[in-house]
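J.: When we follow my numbering, the leftmost residue of the sequence shown carries the number 622, and every step to the right adds one.
Think of the CB as a built atom: it goes at the ideal place given N, C-alpha and C, for glycine as much as any other residue.
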Amino acid sequence: MEEYPTKYISPRLGRRLFDFVQDEEINLKNSLYDLAEELHFFDDLAEIYNGWLNQEQHLLEGESKYYALCSLARSNIYQACSSYCRLHFSSAMVAARMALDAAFYAEMMARGYLSEDQYLNSQSKRTSLGRTAWAELKKGNDLGGRVRPILTAMNTLSEHGAHPSPRTWANRIMGEKSVALSFFQNAKDSNHLKYHFLGILWYGGMALESFLLIGREVFRQDIDHRLSMLEEWKDRMETNKQKFGIWPS
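Okay, here's the thing in structure tokens:
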């Protein structure tokens with residue numbers, strides 16, 4: 622692989638930006654230290670994603686759009702975990718939301734509510750798809766068992782990151798006597814740090830489950846081994862989360 626020389630600019634340029642990035646690096650190292658007992662859950666989920674996306678056989682006809690969306694979900698879960706560990710909680714929630722968006726689009730494509738051309742070229746179709754799905758569910762139409770939980774999770778993530786609601790800024794307010802605004806959002810304590818990290822991974826597992834089951838339902842692929850790995854991972858996640866004594870309101 623060709624190596625490129627390191628490029629340099631004057632240290633007088635972008636000083637505040639460099640300071641900010643250095644603070645992020647410190648946050649990342651501290652978070653990884655605090656999450657040392659939980660990081661294997663990230664590694665395990667990444668391995669299942671990678672195994673699914675790096676299969677040796679050629680993609681089947683019509684499968685490429687699901688492959689692309691699954692790749693998008695994986696990259697956004699990576700981004701969500703990276704942002705979270707650098708103490709950008711809201712950015713992490715946005716990235717996790719995008720991972721679920723990818724799974725939601727895939728689910729609706731598999732059910733004939735969205736074509737590949739509409740996904741690529743019709744913003745109005747994409748933006749109205751959530752309303753369409755809720756309307757179909759209210760009518761009692763069958764969208765499978767996965768769409769409703771994904772929609773609910775997407776709404777929750779939007780409240781915590783994608784919109785400037787009060788809760789998005791709650792952890793940015795520092796100090797008691799005087800008010801200061803921090804670039805970073807600190808967890809209440811170590812248990813909360815771990816709990817929300819596992820929550821982000823849980824959303825990544827939700828997205829992956831959709832892609833695995835679409836592989837079975839649409840393309841008749843054998844997913845039993847990978848699905849059993851994902852189910853075993855979910856069981857271990859649930860057991861681990863219980864020890865924190867923190868539950869969603």
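To the nearest angstrom, report how far apart GLU751 and LEU674 are at their CA atoms.
T.: Glu is not the amino acid found at residue 751; the sequence shown has Gly there. Going from the Cα of GLY751 to the Cα of LEU674 covers about 26 Å.
J.: Considering just the uninterrupted stretch of the alpha helix (DSSP H) at GLY593, what are its terminal residues?
T.: Any answer about residue 593 is impossible in this case: the structure gives the chain only from 622 up to 870.
J.: Within the chosen definition, does the stretch 834 to 844 reach the stretch 680 to 697 through at least 3 CB pairs nearer than 8 Å?
T.: Judged by Cβ distances under 8 Å, the stretch 834 to 844 makes contact with the stretch 680 to 697, as three or more pairs qualify.
J.: Among ARG718, LEU819 and MET850, whose alpha-carbon lies nearest the alpha-carbon of SER696?
T.: Considering only alpha carbons, the answer is ARG718.
J.: Taking the straight line between their C-alpha atoms, what separation do you get for LYS650 and ALA828?
T.: LYS650 and ALA828: Cα-Cα distance of roughly 27 Å.
J.: Can you tell me whether PHE804 is helix, strand or coil according to DSSP?
T.: Coil, per DSSP.
J.: If you draw a straight line from the alpha carbon of SER870 to that of GLN806, how long is it in whole angstroms?
T.: Because the pLDDT at SER870 is just 42, under 50, the model does not fix this residue reliably, and the value given afterwards should be weighed accordingly. Those two C-alpha atoms are separated by around 20 Å.
J.: Just curious, the alpha helix (DSSP H) that SER704 is in, first and last residue?
T.: That run of the alpha helix (DSSP H) goes 685 to 706.
J.: Going by Cα to Cα distance, which pick from LEU638, GLN676 and TYR629 is closest to LEU833?
T.: Nearest option by C-alpha distance: GLN676.
J.: Got a sec? Which residues, its chain only, sit under 8 Å from ARG847 by beta carbon, not counting five neighbours each side?
T.: Within the same chain, ARG847 has close Cβ partners ILE669, GLY672, TRP673 and LEU833.
J.: Helix, strand or coil for PRO632 per DSSP?
T.: Coil, per DSSP.
J.: Span of the alpha helix (DSSP H) holding GLU737?
T.: First-last of the alpha helix (DSSP H) with GLU737: 737 to 742.
J.: Does the distance from the CB of GLY871 to the CB of LEU666 come in under 8 Å?
T.: No statement about residue 871 is possible, as the shown extent of the chain runs from 622 to 870 and does not include it.
J.: Determine the contact status of ALA713 and ALA701, defining contact as a CB-CB distance below 8 Å.
T.: Yes. Within cutoff.
J.: Within its chain, find whatever has a CB closer than 8 Å to the CB of SER811; leave out the 5 residues flanking it on each side and keep chain order.
T.: Within the same chain, SER811 has close Cβ partners ASP655.
J.: Might you give, ordered along the chain, the residues of its own chain that have their beta carbon closer than 6 Å to the beta carbon of ALA808, omitting 5 neighbours on each side?
T.: So the qualifying residues of the chain are LEU814.
J.: Restricting to Cα atoms, I'd like to know which of PHE865, LEU819, LYS864 and ASP843 is closest to TRP854.
T.: Closest option to TRP854, Cα to Cα, is LEU819.
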